Amino acid sequence: MTSTYSADYQPVSEFFTGRSVFVTGGTGFMGKVLVEKLLRSCPGVLSGKKMLYLWKRKECLGLWELLFQKLKVERENDLQKIVPIQGDITEPELGISQADQRLLAETVSIVFHSAATVKFDEALKLSVTINMLGTKRLVHLCHSMMNLE
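So, in structure tokens, the structure goes:
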């Protein structure tokens, strides 16, 4: 079967070529799977760019080895493309430093928001803060991103 694409569509791998991506919820299941899938399936992703990753706490940086063991073995150079950004979805301005906010504003072209709580027994106030207010704060940050597509 021959694949054809209309002028309105392009393969996903082509779409991500040369783009810089920001992922929230990077230590969660969806975030780490998303990043690994992008790096494996879209070889041109981040060509000359970086993937910016929101990490909740400094100690999460130690999870790096655990989260990306497969990539480290198969495509170690791709790990150099990933830049951790310290922040917290529950804090004003996502807890991101001014310097990192500038970096995001100047470089990011695609945002994936996967930071959330899915615990059914989570305190309602915390659930609202993470799932609703965190999303609102991210949208506010996105308005400053000059290259957002």
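Mapping to our numbering: the sequence shown position 63 is 83, numbers consecutive.
Quick reminder that beta carbons are idealized off the backbone N, C-alpha and C, glycines included.
Keep in mind it's a predicted model, so treat the numbers as computed, not measured.
Consult DSSP for ILE109 and reduce its assignment to one of helix, strand or coil. coil
DSSP three-state call for THR47: helix, strand or coil? coil
Mind the definition here: the region 135–142 touches the region 90–100 only if three or more C-beta pairs lie below 8 Å; say whether that holds. no
For the beta strand (DSSP E) containing PHE132, name the first residue and the last one. 130–133
List the residues that DSSP assigns as beta-bridge partners of LEU114. BP columns for LEU114 are empty, so no partner.
Return helix, strand or coil for THR155, following the three-state DSSP convention. helix
Return the bridge partner residues of THR37 from the DSSP annotation. VAL65
Assuming the contact rule is C-beta atoms closer than 8 Å, LEU74 and VAL103 should be a hit. Round their C-beta distance to whole Å, please. Incorrect: roughly 11 Å between the Cβ atoms, too far for contact.
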